[in-house]
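Novice: Sharing a structure with you now.
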Amino acid sequence: TIGMIAIDQDGHVAAGTSTNGLTHKIPGRVGDSPIVGAGAYADSSAGAAAATGDGDVMMRFLPSYLAVELMRAGADPSAACKAAISRIKRHHSEFFGAIICANTTGHYAAACNKAPGLSQFRYMVSNSESNTPLLKTVDC
Amino acid sequence: REALPVVINTWPFRNASAAAWSVLQSGGSVLDAVEEGCARCEIEQCDGSVGYGGSPDETGETTLDAMIMNGDTMEVGAVADLRRIKNAIGVARAVMERTDHTLLVGESASVFAENMGFIAEDLTTNKSVNIFSQWLKGNCQPNYHKNVFPDPSKSCGPYKPRVTLEQRRRQDNMLSHD
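These protein sequences, in sequence, are chains A and B. Counting from 1, one number per residue, gives the positions in the first sequence under my numbering. Counting from 1001, one number per residue, gives the positions in the second sequence under my numbering.
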């Protein structure tokens, strides 16, 4: 799954996702990615977020919506991402998942839940700092 | 706003980030950037979890999900369980721009996409066929069934509902009266 956030010079915000879902899924199963507020959420007056991971669990907590609303209330992207992850962790301590967050000033962060197979989460950032995309890593 | 413009994406999908960034740099909109970046992953089948030829379901079919959201207008276009169409994010954008709906799913979403000019094609590849056949040979493990028989942790379906302990308790209670 790819989740993406784009914010232009004028503060216009968009987000999106694309995935082929869970391998060996029951036909008809849909995860979090295409569900607004779960796979991704964007509001140019607050920021955007996009999530990835165990969609059957994550979608029930609307992590992208929660992260954007926390940023609207003043949280920085890192705090917002972490809060969205810990909300899920309370019920599913070992869920596999991560989220990226960005606010309207272009500051960004990511958070993830430490789970078997996920101790660090890698994500890409493109901005004026560098001509090529920057690989970022966050510890789960 | 010194940190703008910016593109962020999950996982180390470098080409997707570069594709979206170049759209912004050449004056494209943030919607264009997100669509282009996600579409790049659909074409490149990023780590097998995006695009055609990945994650076959229990019938061996690959289906796609995507969404796109405009933070200025709060408009959303999304598709789920999309069949036979590779450019899922493109169809999601068409849902946003050519309908008053938010989410289209399944076979009907594919018909909508074909009507909008998207090409219908097989989303299966040798790789997804191989993943599927290995799974069948391995007694369909893992699978996402529970409270059914035959035991899903040991065998393939078809599955039928198993009487749960709760149901048995309820039955016993009903039958166990003076």
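Don't be surprised by glycine CBs; every beta carbon is placed ideally from N, CA and C.
1) Could you tell me the distance, in whole angstroms, from the CA atom of S1022/B to the CA atom of K114/A?
2) Kindly give me the distance between the Cβ atoms of T17/A and M1067/B, rounded to whole angstroms, as I take these residues to be in contact under 8 Å.
3) Can you check whether the CB of C101/A is closer than 7 Å to the CB of A42/A?
4) Leaving out five residues on either side along the sequence, give the residues of the same chain with a beta carbon under 6 Å from the beta carbon of R1040/B.
5) Looking at the unbroken alpha helix (DSSP H) that takes in C1038/B, where does it start and where does it end?
6) Within the 7 Å Cβ cut-off, does D1122/B reach chain A?
7) Kindly indicate if chain B contains any beta-carbon less than 7 Å away from that of R60/A.
8) Should the segment 8 to 24 of chain A be regarded as contacting the segment 50 to 60 of chain A, the criterion being three or more beta carbon pairs within less than 8 Å?
9) Counting pairs of Cβ atoms below 8 Å between the segment 23 to 31 of chain A and the segment 1086 to 1097 of chain B, do you hit three or more?
10) Would DSSP call F1149/B helix, strand or coil?
11) Along the chain, where does the alpha helix (DSSP H) that runs through S1128/B open and close?
12) Count the other CB atoms within 10 Å of the CB of R1168/B; is the residue buried (16 or more) or exposed (fewer)?
13) Whose C-alpha, out of I1085/B, V1030/B, W1011/B, F1013/B, is nearest the C-alpha of L1004/B?
14) Go through its chain and collect everything with a Cβ distance to Y1159/B's Cβ below 8 Å, but skip five positions before and after it.
15) Mind checking who P77/A pairs with in its DSSP beta bridge?
16) What's the C-alpha gap between K89/A and Q120/A?
17) Please classify R1014/B: does DSSP put it in a helix, a strand, or coil?
18) Please classify H12/A as buried or exposed, where buried requires at least 16 other C-beta atoms within 10 Å of its C-beta.
19) Let me check one thing: in DSSP terms, what residues is I1008/B bridge-paired to?
20) Would you list the residues sitting across from A1179/B in a DSSP beta bridge?
21) M4/A and N1009/B - do their beta-carbons sit closer together than 7 Å?
22) Please report how far the alpha carbon of P133/A lies from the alpha carbon of M1116/B, in whole angstroms.
23) What residues from chain A crowd round P1150/B, counting only those whose CB sits closer than 8 Å?
24) Check distances from the C-beta atoms of the segment 38 to 52 of chain A to those of chain C and list, in chain order, the residues that come in under 7 Å.
25) Based on Cα-Cα distance, which residue from S1055/B, D1081/B, P1142/B lies nearest to T1125/B?
Specialist: According to the data block:
1) To locate residue 1022/B, count along the second sequence from 1; it is residue 22. To locate residue 114/A, count along the first sequence from 1; it is residue 114. Their Cα atoms are separated by approximately 33 Å.
2) In the first sequence, residue 17/A corresponds to position 17, counting from 1. In the second sequence, residue 1067/B corresponds to position 67, counting from 1. Correct: roughly 5 Å between the Cβ atoms.
3) Position 42 of the first sequence holds residue 42/A. Position 101 of the first sequence holds residue 101/A. It is not a contact, given that the beta carbons lie outside the stated cut-off.
4) One-based indexing of the second sequence puts residue 1040/B at position 40. Excluding positions up to five away in sequence, the list reads N1015, A1016, A1019.
5) Indexing the second sequence from 1 puts residue 1038/B at position 38. Element bounds for C1038/B: 1030 to 1044.
6) The residue given as residue 1122/B occupies position 122 in the second sequence. No, D1122/B lies away from the interface with chain A (no Cβ there is under 7 Å from its Cβ).
7) Stepping through the first sequence from its first residue, residue 60/A is reached at position 60. It does not: the Cβ of R60/A has no partner Cβ on chain B nearer than 7 Å.
8) yes
9) no
10) Position 149 of the second sequence, counting from 1, holds the residue named residue 1149/B. The answer is strand: DSSP assigns F1149/B an E or B state.
11) Your numbering for residue 1128/B matches position 128 in the second sequence. Note, S1128/B: alpha helix (DSSP H), 1126 to 1137.
12) Taking the first residue of the second sequence as 1, we reach residue 1168/B at position 168. Classification for R1168/B: exposed.
13) Within the second sequence, numbered from 1, the residue matching residue 1004/B stands at position 4. Measuring from the Cα of L1004/B, the nearest candidate turns out to be V1030/B.
14) For the purposes of this step, residue 1159/B is identified with residue 159 of the second sequence, where counting begins at 1. For Y1159/B, where only same-chain residues beyond five positions count, the Cβ hits under 8 Å are H1145, V1148, F1149, P1150, P1152.
15) For the purposes of this step, residue 77/A is taken as the residue at position 77 of the first sequence. P77/A pairs with nothing; no bridge assigned.
16) Taking the first residue of the first sequence as 1, we reach residue 89/A at position 89. Taking the first residue of the first sequence as 1, we reach residue 120/A at position 120. If you take the alpha carbons of K89/A and Q120/A, they lie about 16 Å apart.
17) Here the question's residue 1014/B lines up with position 14 in the second sequence. Helix.
18) The sequence position of residue 12/A within the first sequence is 12, counting from 1. Burial call: buried.
19) Looking up residue 1008/B in the second sequence gives position 8. Paired residue(s): I5/A, V125/A.
20) For chain B, the structure presents residues 1001 to 1178; residue 1179/B sits outside this window and is missing.
21) Residue mapping note: residue 1009/B aligns to position 9 of the second sequence, counting from 1. Residue mapping note: residue 4/A aligns to position 4 of the first sequence, counting from 1. Cβ distance < 7 Å, so N1009/B and M4/A count as in contact.
22) Taking the first sequence and counting its residues from 1, one reaches residue 133/A at position 133. Taking the second sequence and counting its residues from 1, one reaches residue 1116/B at position 116. Distance between the alpha carbons of P133/A and M1116/B is about 33 Å.
23) Against the second sequence, residue 1150/B aligns to sequence position 150. Neighbours of P1150/B on chain A: none; closest Cβ ~16 Å, over 8 Å.
24) Absence of chain C from the displayed structure is noted, the protein chains being A and B.
25) As a first step, residue 1125/B must be located in the second sequence, where it is residue number 125. Of the listed residues, the one whose Cα sits closest to T1125/B is S1055/B.
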